[in-house]
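Q: Sending over a structure as structure tokens; questions will come in a sec.
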Amino acid sequence: MQTQALPGFRDFYPADLALRTHIFQTWRSVAARYGFEEYDGPPLEPLDLYTAKSGDEIVGQLYNFTDKGDRQVALRPEMTPTLARMVAAQAGKLRKPIRWFSIPQLFRYERQQRGRLREHFQLNCDLIGEAGPLGDAELIALAIDVLRAFGLGPGDVRVRLSDRRVLSKLLQHRGVPPSGMSRAYEIIDKIERLRKEQIDELSSRPDVFAPATVSDLVDISRIRGWDHLESELAHSSELSKSGGHLKETYESLSAMGLAEFVDVDLTIVRGLAYYTGVVFEVFDARRTLRAICGGGRYDDLLDAVGGVQLPAAGFGMGDVVLGELLREKGQIPPGGASIDVFMAYITREDLPHVLTLAHQLRDAAVRVEYALTPQAVGKQLKLADSRNVRFAVVVGPDERARDEILIKDLRSGSQESIPMNSLANTIKARMNG
Ligand code: HAM
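When we follow my numbering, the leftmost residue of the sequence shown carries the number 1004, and every step to the right adds one.
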């Protein structure tokens, strides 16, 4: 048997799980501040939930198979279609706007690389039943506040904000025909990563676009910041109208004091097919890692999945890239001791007293360990040391004869004998003191 997990899958040893728990707790506590309720759905879904809605990239990465009942199924690669399905099923009953979050484990058969695995956990926050820009601002603020709660500031992480409606109007204004729109999106999405020769190559291929169009795409991709975009949109009233939703989203974030995290940048297109309006991604400021978070508005998905017309927006934040960034920034919580008291015994006759006392302590919510195999007291204390424990309690024949036990505070080095029946109170008092 191999001792390694499958490629792209992780073993969570206790130290790894401690980081994951820290991430999940922070996610939950910030989502709660925004009034979001937690939900979950099944990890296995009908294959066609994704083939029709998610777009080619994710469909190419599906873990899918035929189950024993001859159903075509897939492990969930993302949460949004499940959410759309669940909300559509009970749309009449649910109070709008729906503010829900979830922390699903997701599966994508990707080429394993830094920041990309075949499973990951993703905080999903979605707001359903609200079409206005304040909804988009609320979600972006939530994503930023999650990162702030991890100790990250605007010098560490940047939100790149766009709106597909603005991009398509600008492309239209520069003469891109409807038939060329999705190709233009694809190029804009990749333009930062293209070298000059590749851009020249595109310009020289009339089957793709006229050379002038390629230089328009380059121009559009260089727009940075709301003011810059606003001046581009001033060329026509139709253009400037298309920017209204993005402008209000940005201004709301400004009023919240969060604009210093946000860069308006039309090269954020997003790979998923269902987005219809504002889209955003969060990156580390040095741009050495992949996206930490991505999301946007998807006003047509609930209709496509369940025939319910409800506007929606949301984001997903993965644990993999976030974990890498937290490690890089030294924002990992220190691993604390997992026990408070180590109980040692000198003779075999002391052991029943250890069991009684240990159990009393555990009932009082104190974390306790003792040696399961009788061994020399020196060896037991070595084990206590390796556990980074605060107190060692020693039960021995001499103390027992006096109804006492010995407590050593391993932090201060002090030790004293106390009445056996006051152990739990003494330990609790010292732990709180
Ligand atoms: P996504 O951009 O595919 O969006 O994923 C969101 C985040 O999940 C990414 O920015 C990344 O941090 C993480 N992620 C994605 N794939 C992997 C992977 N293979 N390994 C590690 N991390 C990964 C969505 O999934 C949308 N459904 C989000 C959404 C929710 N949109 C609206 N509501």
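Don't be surprised by glycine CBs; every beta carbon is placed ideally from N, CA and C.
For Arg-1119, which residues in the same chain have their Cβ closer than 6 Å to its Cβ, ignoring the five residues on either side in sequence?
A: Closer than 6 Å at Cβ, skipping near neighbours: Glu-1113.
Q: Ends of the beta strand (DSSP E) at Ser-1165?
A: Start and end: 1160-1166.
Q: Quick one: Cα of Gly-1038 to Cα of Gly-1416, how far?
A: Looking at the two C-alpha atoms, the distance is approximately 47 Å.
Q: By Cβ distance below 8 Å, which residues in the same chain neighbour Pro-1045 in space, the five residues on each side in sequence not counted?
A: If we look at Pro-1045 and ignore the five residues flanking it on each side, its Cβ neighbours are Arg-1079 and Thr-1085.
Q: Do Val-1324 and the ligand HAM come close, with the Cβ less than 6 Å from some heavy atom?
A: Yes, the ligand HAM has a heavy atom inside 6 Å of this Cβ.
Q: Quick one: residues in its chain with C-beta nearer than 7 Å to the C-beta of Leu-1022, no 5 flanking neighbours on either side, listed in chain order?
A: These residues qualify, in order along the chain: Gly-1326 and Ile-1335.
Q: If you draw a straight line from the C-alpha of Thr-1429 to the C-alpha of Met-1423, how long is it?
A: Computed Cα separation, rounded: 10 Å.
Q: Measure how close the beta-carbons of Phe-1283 and Ser-1165 come, nearest whole angstrom, since I'm counting them as under 8 Å.
A: So it is a contact: roughly 7 Å between Cβ atoms.
Q: Does the Cβ-Cβ distance between Cys-1128 and Phe-1318 come in under 7 Å?
A: Contact flag set, yes.
Q: Within 10 angstroms of the Cβ of Tyr-1188, are there 16 or more other Cβ atoms? Answer buried if so, exposed if not.
A: That one is buried.
Q: So the beta strand (DSSP E) Arg-1102 belongs to, where does it begin and stop?
A: First-last of the beta strand (DSSP E) with Arg-1102: 1101-1105.
Q: Just the Cα atoms here: how many angstroms apart are Ala-1213 and Ser-1243?
A: The straight-line gap from Cα to Cα measures roughly 26 Å.
Q: When you compare only the Cα positions, how much space is there between Ser-1224 and Val-1169?
A: Whole-angstrom Cα-Cα distance: 12 Å.
Q: Just how far apart, CA to CA, sit Gly-1399 and Lys-1411?
A: Roughly 14 Å between the two C-alpha positions.
Q: Can you tell me whether His-1362 is helix, strand or coil according to DSSP?
A: His-1362: helix per DSSP, three-state reduction.
Q: What separation, rounded to the nearest whole angstrom, lies between the Cα atoms of Phe-1027 and Asp-1159?
A: If you take the alpha carbons of Phe-1027 and Asp-1159, they lie about 20 Å apart.
Q: Could you tell me if Gln-1125 is buried or exposed, where buried requires 16 or more neighbouring beta carbons within 10 angstroms of its beta carbon?
A: Gln-1125 comes out buried.
Q: On a Cα-Cα basis, can you pick out the residue from Ser-1425, Asn-1391, Arg-1186 and Asp-1322 that is closest to Leu-1106?
A: Going by the sequence as given, residue 1106 is Ile instead of Leu. Per the Cα distances, Asp-1322.
Q: When the Cβ atoms of the stretch 1172-1181 are set against those of the stretch 1215-1229, are three or more pairs found closer than 8 Å?
A: Yes, they touch.
Q: Kindly indicate which three-state DSSP category Ala-1316 falls into: helix, strand or coil?
A: Reduced to three states, the DSSP call for Ala-1316 is strand.
Q: Using 10 angstroms around the beta-carbon of Leu-1304, count the other beta-carbons present and answer buried if the total reaches 16, otherwise exposed.
A: Result: buried.
Q: Is Phe-1318 near the ligand HAM, with its Cβ less than 6 Å from a heavy atom?
A: Checking every heavy atom of the ligand HAM against the Cβ of Phe-1318, one is found closer than 6 Å.
Q: Short of 8 Å in beta carbon distance, which residues of its chain neighbour Pro-1049, apart from the five on each side in sequence? Order them along the chain.
A: Arg-1074, Gln-1075, Val-1076 and Ala-1077.
Q: Can you find a heavy atom of the ligand HAM that lies under 6 Å from the Cβ of Ala-1055?
A: Flag unset: Cβ of Ala-1055 not near the ligand HAM.
Q: Check this for me: beta carbons of Ile-1194 and Val-1272, under 7 Å apart or not?
A: Contact flag unset, no.
Q: Smallest Cα separation from Tyr-1301: which of Leu-1313, Ile-1295 and Lys-1250?
A: Comparing Cα positions, the closest option is Leu-1313.
Q: Does the stretch 1056-1076 touch the stretch 1286-1294, meaning 3 or more C-beta pairs lie closer than 8 Å?
A: These segments do not touch.
Q: Return yes when the C-beta of Ala-1215 is under 6 Å from any heavy atom of the ligand HAM, and no when it is not.
A: Outside the cutoff, so no.
Q: If you draw a straight line from the alpha carbon of Gln-1201 to that of Ala-1146, how long is it in whole angstroms?
A: Taking the straight line from one Cα to the other gives about 35 Å.
Q: Hey, is Thr-1252 close to the ligand HAM, as in C-beta under 6 Å from one of its heavy atoms?
A: No, the Cβ of Thr-1252 stays beyond 6 Å of every heavy atom of the ligand HAM.
Q: I think Leu-1173 touches Glu-1235, with their Cβ atoms under 8 Å apart; what is that distance to the nearest whole Å?
A: Sure, about 7 Å apart at Cβ, within 8 Å.
Q: Please work out which residues of its chain come closer than 8 Å, Cβ to Cβ, to Ile-1226, disregarding the five sequence neighbours upstream and downstream, and give them in chain order.
A: Leu-1232, Glu-1235, Val-1267, Asp-1268 and Leu-1269.
Q: For a test of your reading of the model: does the CB of Asp-1043 fall under 6 Å from any non-hydrogen atom of the ligand HAM? Yes or no.
A: For the ligand HAM, not one heavy atom lies less than 6 Å from the Cβ of Asp-1043.
Q: With a threshold of 8 Å on Cβ separation, who are the neighbours of Lys-1332 within its own chain once the five nearest residues in sequence on each side are excluded?
A: Counting only Cβ-Cβ distances below 8 Å, and skipping sequence neighbours, we find Gly-1154, Leu-1155 and Asp-1159.
Q: How close, in whole Å, do the beta carbons of Cys-1296 and Met-1259 come, if the pair is a contact with beta carbons under 8 Å?
A: At roughly 17 Å, the Cβ-Cβ gap does not stay under 8 Å, so Cys-1296 and Met-1259 are not in contact.
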